[in-house]
Each structure stands twice: as C-alpha cells, then as structure tokens.
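Colleague: At the far end of the sequence shown sits residue 194, using my numbering, and the numbering has no gaps.
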Amino acid sequence: MAKKSVKEQKAKAIPAPPASSEAVRKSMQGNKRRDTKPELIVRQMLREMGYPGYRLDWKKAPGHPDIAYPGRKTCVFVMGCFWHDHEGCKYASKPRTHSDYWNEKFRRNKERDARVRAELEELGWTVIDIWECELKKDCIDQTRARLEREISYAFVNL
Ligand SMILES: [Zn+2]
C-alpha cells in the first residue's frame with residue numbers, strides 16, 4: 037500500500053515535457069523572471085557606468101530585487117510594462133478577453149509592487165525602477181542618464 041503511494045508521488049513529480057514548439061519555448065522563457073533582455077541591457081549599463089558587483093535576484097531583501105547592491109542598500113527593478121501594468125504605456129495594453137482575470141492579476145501585481153517598495157524603503161533601501169519601454173531606442177539615452185544619476189546619488193548618500 038505504502039509502496040504504491042510512493043510510486044504515485046514519483047509519477048506526479050515527473051517534470052513537464054519540453055515545450056512542443058519554438059513559440060511555446062519563447063513564451064515560457066518570457067515568463068522567466070531572470071535574465072530577460074531588458075534586464076541584461078540594464079546590467080550592461082551598470083557595468084559600463086562602473087557599478088559592477090551587483091547581486092542578482094537578491095533573496096534577503098523584500099521582493100527579491102532583480103539587481104541589488106546589498107552593501108549599499110540599493111536595488112534596481114527592471115519592470116515589464118505588461119505584467120506590471122505600466123500606467124499610460126502603450127506596451128501595457130490589457131487583453132480584451134478574460135478581462136476579469138487580467139484585471140485581478142494586474143491589480144495584485146501592482147499591490148505587491150507597492151508593498152515591496154514600502155518594505156524596502158522602510159529598511160533604508162534606495163529603489164530604482166526601470167521600465168521596459170524606457171529601454172527602447174528613442175529613450176534609452178535618457179534612461180541611462182537617469183540611472184547613472186540615481187545610482188550615483190544612492191552610493192554617495194549611504
Ligand atoms: Zn512602459
């Protein structure tokens with residue numbers, strides 16, 4: 037009896053089969069929190085500005101910041117416009133179908149974002165947000181300048 041139940045548990049633990057197509061694979065990757073293209077761009081910017089040594093997905097701080105300098109209590113969140121429902125942004129268009137589901141999902145995401153920021157600030161962290169759309173060609177220079185300004189300010193004012 038017990039043996040059978042172990043066997044059943046094992047059967048349940050079998051990993052999902054690999055994505056059946058390139059499109060599915062890409063979409064699954066898109067949902068992955070780490071190493072997204074926007075995040076790679078921001079990390080490269082930081083290295084070029086002379087701020088290497090960041091930690092990724094820092095689990096000891098609320099919200100597990102994507103990019104963190106724990107010693108400096110400074111972190112950067114690279115925010116997808118769609119998932120974080122960037123207000124007034126053309127990349128944050130809501131799906132028309134299943135709107136109840138999406139509205140609830142976005143509402144919760146925003147609520148969590150706000151809570152995480154409040155918790156980090158309470159603990160003395162400087163939080164820098166970079167939106168995905170701010171990394172598009174036409175505004176990336178401006179974004180780089182802002183990032184440099186904000187991070188240098190955070191590092192000086194420790
Ligand atoms: Zn946006």
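C-beta: ideal position from N, C-alpha, C; glycine also.
1) Between Trp138 and ligand 1, is the CB less than 6 angstroms from at least one heavy atom?
2) Count the other CB atoms, across all protein chains shown, that sit within 10 Å of the CB of Tyr137; report buried if there are 16 or more and exposed otherwise.
3) Could you compute how far the alpha carbon of Glu158 sits from the alpha carbon of Cys111?
4) Does at least one heavy atom of ligand 1 sit under 6 angstroms from the Cβ of Trp119?
5) Taking 6 angstroms as the cut-off, is the CB of Cys125 close to at least one heavy atom of ligand 1?
6) Can you say whether Tyr127 is buried or exposed, counting buried as having 16 or more other CB atoms within 10 angstroms of its CB?
Modeller: On the basis of the supplied data:
1) Position 102 of the sequence shown, counted from the first residue, corresponds to residue 138. No - ligand 1 has no heavy atom lying nearer than 6 angstroms to the Cβ of Trp138.
2) Locating residue 137 in the sequence shown gives position 101, where the first residue counts as 1. By the neighbour-count rule (16 or more Cβ atoms within 10 Å), Tyr137 is not buried but exposed.
3) Position 122 of the sequence shown, counted from the first residue, corresponds to residue 158. Position 75 of the sequence shown, counted from the first residue, corresponds to residue 111. Answer to the nearest angstrom: the Cα atoms are 14 angstroms apart.
4) Numbered from its first residue, the sequence shown carries residue 119 at position 83. No.
5) Looking up residue 125 in the sequence shown gives position 89. Yes, the beta carbon of Cys125 sits closer than 6 angstroms to at least one heavy atom of ligand 1.
6) What you label residue 127 is simply residue 91 of the sequence shown in a count that begins at 1. It is exposed - the Cβ of Tyr127 has fewer than 16 other Cβ atoms within 10 Å.
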